[in-house]
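In this note's numbering, the protein residues as written are 446 to 566.
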């Protein structure tokens with residue numbers, strides 16, 4: 446079986462969402478990233494299975510250095526990081542393979558701060 450490419454949001458999906466409405470404008474640079482329970486183990490499982498892990502975030506490109514540092518310090522493993530995707534809905538469009546049955550793209554929506562520990566790929 447070919448490895449899968451997993452696109453996964455950071456804040457509120459892999460790590461605790463660091464913003465609340467009471468905090469107003471929040472500076473992501475000032476907070477340590479807190480992986481949600483089971484996140485590091487799940488990422489390790491996906492990596493060991495040969496899957497490609499691409500992290501996505503609405504954080505601006507100018508925050509790349511601090512975001513990469515936070516991910517490293519938190520022990521989050523990944524292959525690529527895509528910054529600045531905004532806060533709107535994410536839509537993945539992919540072609541169907543003529544010689545393969547089934548979908549070639551899957552979307553999984555999780556409640557904020559639940560984490561990926563129970564996600565089966």
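In this text, a Cβ means the ideal position worked out from N, Cα and C, and glycines have one as well. If you're wondering where the values come from, they're calculated on a predicted model, not measured in any experiment.
request  = Identify, in the order they occur along the chain, each residue of the same chain with its Cβ nearer than 6 angstroms to the Cβ of residue 539, setting aside the five sequence neighbours on each side.
outcome  = As a position in the chain shown, residue 539 is number 94, starting the count at 1. 549 and 550, listed in sequence order.
query = Roughly how far, in whole angstroms, is the beta-carbon of residue 561 from the beta-carbon of residue 484, given that I think they are within contact range, below 8 angstroms?
reply = To locate residue 561, count along the chain shown from 1; it is residue 116. To locate residue 484, count along the chain shown from 1; it is residue 39. Indeed, because the Cβ distance is near 6 angstroms, the residues count as touching under 8 angstroms.
query = Taking the alpha carbon of residue 522 as the point to measure from, which residue in 541, 446 and 451 has its own alpha carbon closest?
reply = Here residue 522 refers to the residue found at position 77 of the chain shown. Of the candidates 541, 446 and 451, the one whose C-alpha sits nearest the C-alpha of residue 522 is 451.
inquiry  = Does residue 480 pass the burial test, meaning 16 or more other C-beta atoms within 10 Å, or should it be called exposed?
reply    = What you label residue 480 is simply residue 35 of the chain shown in a count that begins at 1. It is buried - the Cβ of residue 480 has at least 16 other Cβ atoms within 10 Å.
Delimiting residues of the beta strand (DSSP E) encompassing residue 454 = Along the chain shown, read from residue 1 onward, the residue named residue 454 stands at position 9. Unbroken beta strand (DSSP E) run through residue 454: 450-454.
key: Enclosing alpha helix (DSSP H) for residue 488 [first to last residue]   = In the chain shown, residue 488 corresponds to position 43, counting from 1. It spans 484-493 - the alpha helix (DSSP H) in which residue 488 sits, taken as one unbroken run.
message = Would residue 454 and residue 535 be called neighbours here (beta carbons separated by less than 9 angstroms)?
response = Within the chain shown, numbered from 1, the residue matching residue 454 stands at position 9. Within the chain shown, numbered from 1, the residue matching residue 535 stands at position 90. Taking 9 angstroms as the Cβ cut-off, residue 454 and residue 535 qualify as a contacting pair.
request  = Go to residue 502, then tell me how far its alpha helix (DSSP H) extends in each direction, as first and last residue.
outcome  = Position 57 of the chain shown, counted from the start, is the residue given in the question as residue 502. Neither: residue 502 is in no alpha helix (DSSP H) and is coded neither H nor E.
request  = Would you mind sorting residue 460 into buried or exposed? The rule is 16 or more other CB atoms within 10 Å of its CB.
outcome  = Within the chain shown, the letter at position 15 stands for residue 460. Under this definition residue 460 is a buried residue.
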